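Worksheet: one structure, shown below.
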Amino acid sequence: MYKPNFCAECGTKVLRLRWHSWTSRKFCNDCARKFRKARVTGSLLTALALLVSGYVAGRSRRPAPPPLTIVRRADSPLSDAQAPRISTLAPSAAQSGLGLTVAQNSAATVEEDVYLCGARTRKGTPCSRRVQAPRRCWQHKGMPAMLPQEKLLVKG
155 MYKPNFCAEC
165 GTKVLRLRWH
175 SWTSRKFCND
185 CARKFRKARV
195 TGSLLTALAL
205 LVSGYVAGRS
215 RRPAPPPLTI
225 VRRADSPLSD
235 AQAPRISTLA
245 PSAAQSGLGL
255 TVAQNSAATV
265 EEDVYLCGAR
275 TRKGTPCSRR
285 VQAPRRCWQH
295 KGMPAMLPQE
305 KLLVKG
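With my numbering, the residue at position 8 of the sequence shown is 162, and numbering never jumps.
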């Protein structure tokens, strides 16, 4: 590395015991303090420019977000607002015989009874998983219920 003997600004002799990467190579300690702001500003601006350009490049290469899709369950209370639209379409569908079956199926799914599984668990208590008919859940398929069927019916 270059180690000058004299300061490039004032001409005084430069005597340093140790040369570090952050020490000025051209100036003495007094002149280096004067030019430190100019020396550091260039490095900071370069680093900032690289950081901003990397951020902009990353944001521009990001794929567009998918469109927002809101899906509601069939038994949602908000689906009742859609019922008049179905009924207005029903007369044209009723001629083909499809409108009545759709209305009957949706009413039947809402009014189904819900039961508890009721099979004996490892702990010795009845299983509390909910099932659609008086039968066992997937885990206890084929096992008998511990409680009578009347106690397995969920009221609600």
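Glycine included, C-beta positions come from ideal geometry on N, C-alpha and C.
These numbers come from a predicted model, not from an experiment.
- prompt: Per DSSP, Pro-280 is paired with what?
  reply: Sequence index remark: in the sequence shown, residue 280 carries index 126 (1-based). BP columns for Pro-280 point to Arg-274.
- request: Evaluate Gly-272 with the Cβ neighbour count: other Cβ atoms within 10 Å of its Cβ, from every protein chain shown; 16 or more gives buried, anything less gives exposed.
  value: Mapped onto the sequence shown, residue 272 falls at position 118. That one is buried.
- request: Would you tell me roughly how many angstroms separate the C-alpha atoms of Arg-215 and Leu-204, rounded to the nearest one?
  value: Here residue 215 refers to the residue found at position 61 when the sequence shown is read from its first residue. Here residue 204 refers to the residue found at position 50 when the sequence shown is read from its first residue. Their Cα atoms are separated by approximately 17 Å.
- prompt: Going by DSSP, what residues sit across from Ala-299 in a beta bridge?
  reply: Position 145 of the sequence shown holds residue 299. Paired residues: Ala-273.
- prompt: When the Cα of Arg-276 is compared with those of Arg-289, Asp-267 and Met-297, which residue comes out closest?
  reply: On the sequence shown, position 122 is the one that residue 276 refers to. Nearest in C-alpha terms to Arg-276, of all of Arg-289, Asp-267 and Met-297, is Met-297.
query: DSSP puts Val-268 in a beta bridge; with which residues?
result: Your numbering for residue 268 matches position 114 in the sequence shown. DSSP output for Val-268 lists Val-308 as bridge partner(s).
- prompt: Hey, how far is the Cα of Lys-196 from the Cα of Pro-219?
  reply: On the sequence shown, residue 196 is found 42 positions in, with the first residue counted as 1. On the sequence shown, residue 219 is found 65 positions in, with the first residue counted as 1. The amino acid at residue 196 is misidentified as Lys; the sequence shows Gly. Those two C-alpha atoms are separated by around 38 Å.
- prompt: Where does Lys-312 sit, in a helix, a strand or coil, going by DSSP?
  reply: Residue numbering for the chain in the displayed model covers 155 to 310; residue 312 lies beyond these limits and cannot be assessed.
message: Helix, strand or coil for Val-168? Go by DSSP, reduced to three states.
response: Start at 1 with the first residue of the sequence shown, and residue 168 comes out as number 14. Coil.
query: Within this structure, are the beta carbons of Leu-307 and Pro-280 separated by less than 8 Å?
result: Translated into the one-based positions of the sequence shown, residue 307 becomes position 153. Translated into the one-based positions of the sequence shown, residue 280 becomes position 126. No, Cβ-Cβ distance for Leu-307 and Pro-280 is not below 8 Å.
query: Once you ignore the five residues that flank Asn-159 on each side, which residues in its own chain have a CB closer than 8 Å to its CB?
result: Taking the first residue of the sequence shown as position 1, residue 159 is located at position 5. The residues Lys-167 and Val-168, in chain order, have a CB closer than 8 Å to that of Asn-159 in the same chain once the five nearest residues on each side in sequence are set aside.
- prompt: Should Ser-282 be labelled buried (16 or more other beta-carbon atoms within 10 Å of its own) or exposed?
  reply: As a position in the sequence shown, residue 282 is number 128, starting the count at 1. Exposed, by the Cβ-count rule.
task: Report the option in Arg-274, Lys-309 and Ala-162 whose CA atom is closest to the CA atom of Gln-293.
output: Here the question's residue 293 lines up with position 139 in the sequence shown. Minimum Cα distance to Gln-293 is reached at Arg-274.
message: Can you give me the C-alpha to C-alpha distance between Lys-180 and Leu-202, rounded to a whole angstrom?
response: As a first step, residue 180 must be located in the sequence shown, where it is residue number 26. As a first step, residue 202 must be located in the sequence shown, where it is residue number 48. The straight-line gap separating the alpha-carbon atoms of Lys-180 and Leu-202 is approximately 26 Å.
query: Tell me, which residues are paired with Val-285 by DSSP?
result: For the purposes of this step, residue 285 is taken as the residue at position 131 of the sequence shown. DSSP, once it has assigned bridges, lists Tyr-269 as partnering Val-285.
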